[in-house]
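Student:
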Amino acid sequence: MIRLSRKMEYALVALKYMAGKIPGELTSAKEISDKFHTPFDVTARVMQSLSQNGLLKSEYGPLGGYSIAKDLSRVSFNDLLEMIEGPTQIVKCLQKDDACDVQAHCNIVSPVQTLNQKLVQFYSSLKLKDIVVGASISAAKSVDMMNEGVSGK
Numbered sequence: 003m004i005r006l007s008r009k010m011e012y013a014l015v016a017l018k019y020m021a022g023k024i025p026g027e028l029t030s031a032k033e034i035s036d037k038f039h040t041p042f043d044v045t046a047r048v049m050q051s052l053s054q055n056g057l058l059k060s061e062y063g064p065l066g067g068y069s070i071a072k073d074l075s076r077v078s079f080n081d082l083l084e085m086i087e088g089p090t091q092i093v094k095c096l097q098k099d100d101a102c103d104v105q106a107h108c109n110i111v112s113p114v115q116t117l118n119q120k121l122v123q124f125y126s127s128l129k130l131k132d133i134v135v136g137a138s139i140s141a142a143k144s145v146d147m148m149n150e151g152v153s154g155k
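Under my numbering, think of the first position of the sequence shown as 3, with each following residue one higher.
(1) Quick one: which unbroken beta strand (DSSP E) runs of 3-plus residues sit fully inside the region 19-99? Chain order, please.
(2) Could you give the first and the last residue of the continuous alpha helix (DSSP H) run that contains Lys131?
(3) In whole angstroms, what separates the C-alpha of Ser112 from that of Cys95?
(4) Would you mind stating whether Gly63 and Thr29 have Cβ atoms separated by less than 8 Å?
(5) What are the boundary residues of the alpha helix (DSSP H) that Ser126 is part of?
(6) Would you report the Cα separation of Thr116 and Val122, rounded to the nearest angstrom?
(7) Under the rule that 16 or more other beta-carbon atoms within 10 Å means buried, what is Ile92, buried or exposed?
This is the structure:
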């Protein structure tokens, strides 16, 4: 089962909240943590990561915080996933620095690589604005995209 990590959930929660504010208005990690009952330390690390990757702009000081720095219609879900988790790799053998004990005899390397590529394509087609502001992608279109990826069309 492919699941979002808590860090990804907190990133989406923060972005959705911040996208609903006046552009440029600052939001602190504490504000997010308090409002949505998320662990402060994890929330702060997630927001720092988004800032280090240029998605958020940070301002330091007692009245500091974060604001959205990029147009969310130009940032994909896959971009966010890579900022938080690193490259999309659904199994360990796709990680360059992690050798698999059975890789030399494995019969699913190629299909798993194909599946991973299809997931990256799908995640890349989803824009953060559609996810956190409003869904412009219909459920039917999403299902069609997934079916195309599965059938190899």
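Just so you know, even glycine gets a beta-carbon here, dropped at the ideal spot from N, CA and C.
For clarity, every value in this text was computed on a predicted model and none was experimentally measured.
Tutor: Looking at the coordinates:
(1) 58-61, 67-70
(2) 130-134
(3) 11 Å
(4) no
(5) 111-127
(6) 10 Å
(7) exposed
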